[in-house]
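Note sheet for the following structure.
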Amino acid sequence: MSTIAYGCPICNGLISLSILCPHCGETMEDHGRLLDMFAPYSPYRPIDDLKKTDGWIDEENHQCPHVVYCPQCDFSDTLMVAEVNLSAIYPDR
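Using full-length UniProt numbering, the first residue of the sequence shown is number 1, and each one after it goes up by one.
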């Protein structure tokens, strides 16, 4: 019995993030995974390991927190991106 591998469709390059700023309506920029900003070596730690200590309910809900920023009005927020079943997309991995 194989385990299901979940992953962020944005981090894995399956889709691009396109979201409008709720304050000014301009396109927001994806500044990457929130987990990568915790410490200098965070991007090199296993994602599921970080999810156990990040304070979000993201591992259980299969979500990837991304920081989004609006360069027009300086608004920033955390967007919870729904992870997808990568086992269904890449069955040989």
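In this text, a Cβ means the ideal position worked out from N, Cα and C, and glycines have one as well.
- In the DSSP annotation of this structure, the continuous segment of the beta strand (DSSP E) that includes A82 starts and ends at 76-82.
- Leaving aside the five residues that flank C11 on each side, the residues in its chain whose CB is nearer than 7 Å to its CB run, in chain order, R33, C64.
- If you draw a straight line from the Cα of L35 to the Cα of N61, it is about 16 Å long.
- Between S76 and V68 a beta carbon distance of about 7 Å is seen, short of the 8 Å cut, so the two are scored as contacting.
- For D30, the enclosing beta strand (DSSP E) begins and ends at 29-33.
- DSSP, read as helix, strand or coil, puts L86 in helix.
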